[in-house]
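K.L.:
Right, I'll just put the structure down here and ask away after.
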Ligand code: SF4
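Quick look at the structure:
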């Protein structure tokens, strides 16, 4: 087996080896599944809130085919994406299948769909890590950016607290992460960390909430004035090495080398076409990698609006972590 991670975070440590031009992982140390194409929230910074599409989700047999191959390499599996993974109709079967192969599993969720039954299931199957994504530093900001009412906010908190109380031997690892804008009162960062650390292992304020997609993809330039925030400036030049170590499998089975891709422009193949290994080492994958590694980030519409091309002044530098002993 290529990888033998004893902790899910080892996959991220491994990925740092490939942050250089033309240094390509033999097989991705972590693979992201975007299991569905929908979300139960309508966050105002999220592209999913601005499209109408038919409900679609990854065929479970194709999911199993991919996991069977991934199990040969030992990569971390992640259920994350713009969409909400807990909406997948086979979510319990998918969790069971990954864990039955001995793989590490990470889930990022808005936390609103965790029932008591699902919480017990997650604990029973020993899901390794869960990140709960927030927006803003206050309940009001969360409700504004996430477009939800106070009942929904409280339900999310309640679900997180339940999981924290019930879990055994600190599994899953639980993290709460939020992004902020200049609308937030930065003096309340410590309070955010203090209050949420009562029911999580780590609280992270990861900088900025990114609205460029909404402005440029969806032609809504008024988003900045509506929210009373400034559009960030573009950096001079920036290179990206994500396609050297990351693979995304979308709900359609399409494969892309970036979990931040919203469009299908960087599609390299479909899971039905070939093995993941052959797709990863295909000419098309290499061609896309070379373009993106070179810093030519205007070639693909996803790269054009990617957060790494923008500068967020003091917000960018406000990253703050708290890990409990
Ligand atoms: S969208 Fe961003 S992270 Fe993804 S490949 Fe392009 S530049 Fe890199």
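In the working numbering, the protein residues as written are 1 to 325.
By construction, the Cβ of each residue, glycine as well, lies at the ideal position given by its N, Cα and C atoms.
1. Just to confirm, are residue 102 and residue 2 a CB contact at a threshold of 8 Å?
2. Could you give the distance in angstroms between the alpha-carbon of residue 232 and the alpha-carbon of residue 69?
3. Relative to the alpha-carbon of residue 94, which residue among 63, 244 and 223 has its alpha-carbon at the smallest distance?
4. Report yes or no: is there a C-beta of chain E within less than 8 Å of the C-beta of residue 277?
5. In the DSSP assignment, what are the bridge partners of residue 246?
6. How is residue 146 classed by DSSP in three states: helix, strand or coil?
7. Alpha carbon to alpha carbon, what distance is there between residue 80 and residue 38?
8. Would you tell me roughly how many angstroms separate the C-alpha atoms of residue 144 and residue 150, rounded to the nearest one?
9. Hey, is the region 251-271 in contact with the region 195-206, meaning 3+ C-beta pairs nearer than 8 Å?
10. On the DSSP bridge assignment, give the partners of residue 175 in chain order.
11. Cβ of residue 254 versus every heavy atom of ligand 1: is any distance shorter than 7 Å?
12. Using 7 Å as the cut-off, classify the Cβ of residue 211 as near or not near the heavy atoms of ligand 1, replying yes or no.
13. Specify the secondary structure class of residue 56 as computed by DSSP and reduced to three states.
14. Report the three-state DSSP secondary structure of residue 185 (helix, strand or coil).
15. Using only alpha-carbon positions, find the residue among 49, 289 and 90 that is nearest to residue 82.
16. Under a Cβ-count criterion, where at least 16 other Cβ atoms within 10 Å of its own Cβ denotes burial, should residue 124 be classed as buried or exposed?
17. Give me, in chain order, the residues of the same chain whose beta-carbon lies closer than 6 Å to that of residue 113; leave out the 5 immediate sequence neighbours on both sides.
18. Leaving aside the five residues before and after residue 216 along the sequence, list all residues of the same chain whose C-beta is less than 6 Å from its C-beta, in chain order.
19. Check each candidate in 27, 47 and 57 and name the one with the smallest Cα separation from residue 36.
20. For the beta strand (DSSP E) containing residue 256, list its first residue and its last residue.
21. Nearer than 7 Å: is that true of the beta carbon of residue 261 relative to any heavy atom of ligand 1?
22. Drop a sphere of 10 angstroms on the beta-carbon of residue 325, count the other beta-carbons inside from all chains shown, and report buried for 16 or more, exposed for fewer.
23. Measure the CB-CB distance between residue 129 and residue 8 and report whether it falls below 8 Å.
24. Is residue 289 near residue 235, with beta carbons less than 8 Å apart?
25. Which residue wins for smallest C-alpha separation from residue 195, given the options 60, 183, 219 and 157?
26. Since residue 170 and residue 133 should fall inside the 8 Å C-beta cutoff, what is the C-beta to C-beta distance between them, to a whole number of angstroms?
27. If you follow the alpha helix (DSSP H) that residue 38 is in, where does it begin and where does it stop?
28. In its own chain, which residues sit with a C-beta less than 8 Å from the C-beta of residue 47, not counting the 5 before and 5 after it?
29. Could you give the DSSP three-state label for residue 6: helix, strand or coil?
30. Kindly indicate which three-state DSSP category residue 140 falls into: helix, strand or coil?
31. Going by beta carbon distance, what residues of the same chain come within less than 6 Å of residue 33, once the five residues before and after it are set aside?
P.N.:
By the coordinates alone:
1. Reading the chain shown from its first residue, position 102 is the one you call residue 102. Reading the chain shown from its first residue, position 2 is the one you call residue 2. Result no, Cβ atoms of residue 102 and residue 2 do not sit closer than 8 Å.
2. Position 232 of the chain shown, counting from 1, holds the residue named residue 232. Position 69 of the chain shown, counting from 1, holds the residue named residue 69. Rounded to whole angstroms, the gap between the alpha carbons of residue 232 and residue 69 is 41 Å.
3. Taking the chain shown and counting its residues from 1, the one referred to as residue 94 is at position 94. For the residues 63, 244 and 223, the minimum Cα distance to residue 94 belongs to 63.
4. Checking the listed chains, one finds no chain E in this structure; it contains a single protein chain.
5. Residue numbering aside, residue 246 sits at position 246 when the chain shown is read from its first letter. In DSSP, residue 246 forms a bridge with 30.
6. The residue labelled residue 146 in the question sits at position 146 within the chain shown. In this structure, residue 146 counts as helix in the three-state DSSP scheme.
7. By 1-based counting over the chain shown, the position of residue 38 is 38. By 1-based counting over the chain shown, the position of residue 80 is 80. Going by the C-alpha atoms only, they are around 12 Å apart.
8. The residue you call residue 144 lines up with position 144 of the chain shown. The residue you call residue 150 lines up with position 150 of the chain shown. When rounded, the distance between both Cα atoms is 10 Å.
9. no
10. Numbered from 1 along the chain shown, position 175 holds the residue referred to as residue 175. The partner list for residue 175 (beta bridge, DSSP) reads 131 and 202.
11. Numbered from its first residue, the chain shown carries residue 254 at position 254. Because no heavy atom of ligand 1 lies under 7 Å away, the Cβ of residue 254 does not count as near it: no.
12. The residue labelled residue 211 in the question sits at position 211 within the chain shown. No - ligand 1 has no heavy atom lying nearer than 7 Å to the Cβ of residue 211.
13. Residue mapping note: residue 56 aligns to position 56 of the chain shown, counting from 1. Looking at residue 56 - three-state DSSP - the assignment turns out to be coil, as it is neither helix nor strand.
14. Along the chain shown, read from residue 1 onward, the residue named residue 185 stands at position 185. Of the three classes helix, strand and coil, the one that applies to residue 185 here is coil, per DSSP.
15. Locating residue 82 in the chain shown gives position 82, where the first residue counts as 1. Per the Cα distances, 49.
16. Looking up residue 124 in the chain shown gives position 124. With fewer than 16 other Cβ atoms within 10 Å, it is exposed.
17. Counting from one through the chain shown, the residue named residue 113 turns up at place 113. For residue 113, where only same-chain residues beyond five positions count, the Cβ hits under 6 Å are 86.
18. Position 216 of the chain shown, counted from the start, is the residue given in the question as residue 216. Answer for residue 216: 305, listed in chain order.
19. Indexing the chain shown from 1 puts residue 36 at position 36. Relative to residue 36, the option among 27, 47 and 57 whose CA is nearest is 57.
20. Counting from one through the chain shown, the residue named residue 256 turns up at place 256. Counting along the chain, the beta strand (DSSP E) containing residue 256 begins and ends at 254-256.
21. Taking the chain shown and counting its residues from 1, the one referred to as residue 261 is at position 261. Yes, the beta carbon of residue 261 sits closer than 7 Å to at least one heavy atom of ligand 1.
22. Against the chain shown, residue 325 aligns to sequence position 325. Summary for residue 325: the model assigns pLDDT 42, below 50, so the residue's position carries little reliability; its value from the coordinates is reported in the next sentence. Result: exposed.
23. Stepping through the chain shown from its first residue, residue 129 is reached at position 129. Stepping through the chain shown from its first residue, residue 8 is reached at position 8. Contact flag set, yes.
24. Reading the chain shown from its first residue, position 289 is the one you call residue 289. Reading the chain shown from its first residue, position 235 is the one you call residue 235. If you check the CB distance, residue 289 and residue 235 do not come in under 8 Å.
25. The residue given as residue 195 occupies position 195 in the chain shown. It is 157.
26. Stepping through the chain shown from its first residue, residue 170 is reached at position 170. Stepping through the chain shown from its first residue, residue 133 is reached at position 133. At roughly 20 Å, the Cβ-Cβ gap does not stay under 8 Å, so residue 170 and residue 133 are not in contact.
27. The residue given as residue 38 occupies position 38 in the chain shown. Element bounds for residue 38: n/a, residue is neither H nor E.
28. The count along the chain shown starts at 1 and reaches residue 47 at position 47. These residues qualify, in order along the chain: 82, 213, 214, 217, 218 and 262.
29. Taking the chain shown and counting its residues from 1, one reaches residue 6 at position 6. Of the three classes helix, strand and coil, the one that applies to residue 6 here is coil, per DSSP.
30. Along the chain shown, one-based indexing puts residue 140 at 140. Looking at residue 140 - three-state DSSP - the assignment turns out to be helix.
31. Counted from its first residue, the chain shown places residue 33 at position 33. Only 79 and 249 meet the Cβ criterion.
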